[in-house]
Amino acid sequence: MWTVLRDLLRHNREFAAGVCLLGIVGLVAALSALSPYSPLDSFVVPPDMPPAWPHVLGTTSRGQDVFWLLTYAIRNTLLFGFVVALISRLLSLLIGLVSGYAGGLVDRALMSLNDTFIVIPLFPILVLFYFVMRDRMSWASLALVMACLGWAYDARLIRSVAMSLRTREFTETGIFSGMSMRQILTQEHLPFVLPIVFSTTMNNINWSIGLEVTLSVLGFTDINTPTIGSMIYWANQHTAMVAGIWWWVAFPVALVVMTFVGLFLLAISMNEFIDPRSRLGRGMQ
Amino acid sequence: MTAHALPVVQVTNLRAYYSTHQFGVQREVRAVDDVSLQVMHDEIYGLAGESSCGKSTLIKTIAGAIRPPLTVQGGSVEFDFGGRRLDLYKASPDDIAAIRWRHLSYVMQGSMGVLNPVRRVHQSFVDFASRHIAKPKAQFLDIVHTHLERLHLKPDVLRAYPHELSGGMRQRVAIALATVCRPELIIADEPTTALDVIVQRGVLDMIRDVQRELKTSLIFVTHDMAVHAHLCHRLGVMYAGRLIEEARTVDIFREPHHPYTSHLIASLPRIGQTAALQALAGAPPSLADPPSGCRFHPRCPQAMAVCSQRVPPLLTVAAGHRVACFAVTPPDAA
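Here's what the structure looks like:
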């Protein structure tokens, strides 16, 4: 495992770059634990200061230190992405594997549910949720709603692989040797679809962070929790761009772009880590 | 040769059809029609016949690996594993699950795919076989190690992924996997077909060694008569879903009775032969609409009027030699 990671870092430039970018992002998020200010307090530092020591990324018009605020914002945004990805991966794995393996009526029922979720227009639904829930719309409930909307495409993808796996000899052998459906799915099929799941996890995190930022910028979520989106929302509220407070917008955007690029690079190099065939193939070159 | 008086598996009048119902049309493919055979203890029974004659279907039904559209229409399959008797089509699913791998194992067609490409070999052993050897994992792996040594396989293969092994090696591992529980009956469906003759020879020798060592019975299916001659004690020849001749391998090769068997054996090239081999006219019949009477009669050089009207029964013509042909056993004598 560790030697594989070391080799990937040494030989796979995409992986190394992705790890570097996410490492920086992760470090910034981890620094939130050391913050001298609470992210919810305002006017704790002089407002509208350009980037300079001791406020390395400047301060906001609300008297907050941009750097320390950013550590909280990126932490919450990342956490949001992971929670959405985790819940929606579980859903898509369960539904995709069962539907592909069981076939028949089970498949038809699950896939009609799946297709319903695929055709639901996402953005209006999320805005609708916000207007229905209003103040009860918290970080966690938004994550849950998005997870419930974000599994359908990948469930179909996993189902297509599971349908092919069902006809392979090792599945037949498993059935013959008396493995139960649960054992076949978890022991034989799950390792096979893991590369796909990993790759879709990265994409799903990107998708959920992007959507969360969009919703927050427009003010359709809980804007009091510091996230990258709500930071940009408050900057817009104080017309930061017009007033020339560019650092209030530029640094959150730069950090979230780093996250996107880092996750994308990991997603494309992750296959090599999971799939032993391509890993060894590269080693032989 | 026989420690047990009873055959390890007795198949009686087995009929298995593929039935599909699509667009209002009912179709039945009679892949196995009225087959009876016995496999004795410590015996290699070969099943021969050209592609699509129902060999694979027959052994699927014997192994109980029946999934729609394949349905068993009649007949019985009875096992006797050292006194433990079981009627396959009357037994409960739990009873069947209990004999599989432990007493009856199955090397599938294209068995190189038996190993999951994303699992290491030892994990495949644990997945498929460990439930049948109720031992702790360390002890189970010890058993696997000794078994591999017995088959002259290095224990290193356990740590490998299947794609790191050669085709022949994968085949050996698949056979090791099927035999690790020392089953009384092994069913092998074309296990050497995808290999070249050198590797094939090695794998066949290994199968024979395993069989001698474990004193198991083996049903060995292949269309390759040369492999049958090399390996099998007794041989059954199938044509279009029916068993048409059955005898000891030497008897069949020395004195085939059925015209189809004669042609099958005549089609084998011999060393020093210079004349072109004769091909049999026509093609194997469609099993969805087989010819009436003897299914071989449209291609048979000795066909008589009665052949297209009545199905020849499988009759004993010499000790242990059964043939279904009116040219050998005239209909009035039958």
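Heads up: the sequence lines are chains A and B, in that order.
Each residue of the first sequence is one higher than the one before, starting from 6 at the first, in my numbering.
Each residue of the second sequence is one higher than the one before, starting from 1405 at the first, in my numbering.
Glycine is no exception: its CB is placed at the ideal position from the N, C-alpha and C atoms.
{"Asked": "Buried or exposed by the 16-neighbour rule on C-beta atoms within 10 Å, applied to aspartate 1609 of chain B", "Found": "exposed"}
{"Asked": "C-beta neighbour in chain C for tyrosine 1510 of chain B, strict 8 Å", "Found": "This model lacks chain C altogether, as its protein chains are A and B."}
{"Asked": "Straight-line Cα distance separating tryptophan 7 of chain A from leucine 1545 of chain B", "Found": "26 Å"}
{"Asked": "Listed by chain order, chain A residues near phenylalanine 1532 of chain B by CB distance under 8 Å", "Found": "Thr178, Gly179, Ser182 and Met184"}
{"Asked": "Leucine 260 of chain A beta carbon less than 8 Å from that of isoleucine 233 of chain A", "Found": "yes"}
{"Asked": "Contacts that phenylalanine 197 of chain A makes with chain B (C-beta to C-beta distance below 7 Å)", "Found": "Val1522"}
{"Asked": "Alpha-carbon spacing of tyrosine 238 of chain A relative to glycine 224 of chain A, whole angstroms", "Found": "7 Å"}
{"Asked": "Any chain A beta carbon closer than 8 Å to valine 1412 of chain B", "Found": "no"}
{"Asked": "Contact list for glutamine 192 of chain A against chain B, beta-carbon separation under 7 Å", "Found": "Asp1531"}
{"Asked": "Residue range of the alpha helix (DSSP H) that includes isoleucine 201 of chain A", "Found": "195 to 222"}
{"Asked": "Rounded separation between alanine 1738 of chain B and cysteine 1711 of chain B - CA only", "Found": "For alanine 1738 of chain B, the predicted structure reports a pLDDT of 46, less than 50, and the residue's modelled location is therefore unreliable. The matter cannot be settled from this model."}
{"Asked": "First through last residue of the beta strand (DSSP E) which encompasses valine 1413 of chain B", "Found": "1413 to 1426"}
{"Asked": "Proximity to aspartate 159 of chain A [Cα-Cα], best of A:Val254, A:Phe181, A:Leu96 and A:Thr172", "Found": "A:Leu96"}
{"Asked": "Bridge-paired residues (DSSP) for leucine 1608 of chain B", "Found": "Paired residues: none, contrary to the question."}
{"Asked": "Contact residues within the region 151 to 176 of chain A, judged by C-beta distance below 8 Å to chain B", "Found": "Arg173, Glu174 and Phe175"}
{"Asked": "Inter-residue spacing [alpha-carbon to alpha-carbon] between tyrosine 77 of chain A and methionine 151 of chain A", "Found": "21 Å"}
{"Asked": "For tyrosine 1643 of chain B, the residue or residues it bridges with in DSSP", "Found": "B:Arg1646"}
{"Asked": "As assigned by DSSP and simplified to three states, the class of aspartate 1700 of chain B", "Found": "In the sequence on display, residue 1700 of chain B carries phenylalanine and not aspartate. Phenylalanine 1700 of chain B: coil per DSSP, three-state reduction."}
{"Asked": "Pairwise C-alpha distance: asparagine 17 of chain A and valine 9 of chain A", "Found": "11 Å"}
{"Asked": "Inter-residue Cα distance where the pair is serine 185 of chain A and valine 1603 of chain B", "Found": "35 Å"}
{"Asked": "Leucine 1519 of chain B classed as buried or exposed, judged by whether at least 16 other C-beta atoms fall within 10 angstroms", "Found": "buried"}
{"Asked": "Arginine 1699 of chain B to arginine 161 of chain A span [Cα, whole Å]", "Found": "46 Å"}
{"Asked": "Opening and closing residue of the beta strand (DSSP E) in which serine 1440 of chain B lies", "Found": "1429 to 1443"}
{"Asked": "Integer-rounded CB distance, given that glycine 1450 of chain B should sit under 8 Å from histidine 1627 of chain B", "Found": "At roughly 11 Å, the Cβ-Cβ gap does not stay under 8 Å, so histidine 1627 of chain B and glycine 1450 of chain B are not in contact."}
{"Asked": "Length at least 4, wholly inside the region 53 to 122 of chain A: the alpha helix (DSSP H) runs in chain order", "Found": "71 to 107"}
{"Asked": "Backbone CA spacing between threonine 1678 of chain B and leucine 1562 of chain B [nearest angstrom]", "Found": "48 Å"}
{"Asked": "N- and C-terminal bounds of the beta strand (DSSP E) containing glycine 31 of chain A", "Found": "Per DSSP, glycine 31 of chain A belongs to no beta strand (DSSP E); it is in the alpha helix (DSSP H), 18 to 35."}
{"Asked": "Nearest-angstrom Cβ-Cβ length linking leucine 1622 of chain B and isoleucine 1590 of chain B, presumed shorter than 8 Å", "Found": "5 Å"}
{"Asked": "Bounding residues of the beta strand (DSSP E) (the contiguous stretch that carries histidine 1725 of chain B)", "Found": "1725 to 1727"}
{"Asked": "Neighbour flag for valine 1518 of chain B against chain A, beta carbons, 8 Å", "Found": "yes"}
{"Asked": "Proximity to serine 66 of chain A [Cα-Cα], best of A:Asn209, A:Val49, A:Arg80 and A:Ala107", "Found": "A:Val49"}
{"Asked": "Environment of histidine 1425 of chain B [buried if 16+ CB atoms lie within 10 Å]", "Found": "exposed"}
{"Asked": "Per DSSP, the bridge partner or partners of glycine 1450 of chain B", "Found": "B:Phe1624 and B:Leu1639"}
{"Asked": "N- and C-terminal bounds of the alpha helix (DSSP H) containing valine 1530 of chain B", "Found": "1525 to 1533"}
{"Asked": "Cβ-based neighbour list, aspartate 46 of chain A, same chain, cut-off 8 Å, excluding 5 preceding and 5 following", "Found": "Gln69"}
{"Asked": "Alanine 1598 of chain B: contacting residues in chain A (beta-carbon distance under 8 Å)", "Found": "Chain A residues near alanine 1598 of chain B: none, gap ~12 Å exceeds 8 Å."}
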